[in-house]
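What follows is a single structure, written as structure tokens, with notes after it.
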Amino acid sequence: MHFAELQSLQGDQYREFNITLNGNLLSEVKLHNYLHSITILSSQPVRGANLSFSLYKSEKSTLPPILNAMEIYIVRDFLQAPTDEEDVSAIEDVKSNYWLDEGWQGDPCAPVYPWNGLNCSYNSYEPPRITSL
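All residue numbers for the sequence shown refer to my numbering, where the first residue is 9 and numbers rise by one.
Take a look at the structure:
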């Protein structure tokens, strides 16, 4: 989570709040300086089907909580191996040398749907291979 004070605070103004995750205190945030940013992260992976983040104003605070941005990453196991590294290198060379702009992004053969104009071979024992362009 990313926080920054976006107001020039007056002498009697103060922004302080607590972040909870599923009701448990995750962190305390104190924003004192205009445009000074703070990033709060969890040192342990956060797991669960339902996650509830809450921001609660502290008793000292004269201003409500503020959240500027939040990043969520999901670790996924891919059921398919990535395309053979030599094939990826070769097709990237073709792409740059011939100025091809086919909207090609990511893995050329995975997940299962190859780049437009490519054909790939799939076998469960080896990485996918580019067979034709």
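Note that the Cβ used here is the ideal one computed from N, Cα and C, for glycine as well.
Just so you know, these numbers come straight off a predicted model, no measurement behind them.
- If you draw a straight line from the Cα of Ala89 to the Cα of Glu24, it is about 47 Å long.
- When the Cα atoms are used, Gly31 and Leu59 turn out to be separated by approximately 10 Å.
- For Asn131, there is no enclosing alpha helix (DSSP H); the residue is part of the beta strand (DSSP E) that begins and ends at Asn127 to Asn131.
- The C-alpha of Leu39 lies about 21 Å from the C-alpha of Ser51.
- In the DSSP assignment, Ala12 falls within the unbroken beta strand (DSSP E) covering His10 to Ala12.
- Closest in C-alpha terms to Asp109, from the list Tyr22, Gly125 and Ala118, comes Gly125.
- With 16 or more other Cβ atoms inside 10 Å of its own Cβ, Met9 counts as buried.
- Rounded to whole angstroms, the gap between the alpha carbons of Pro136 and Ala118 is 8 Å.
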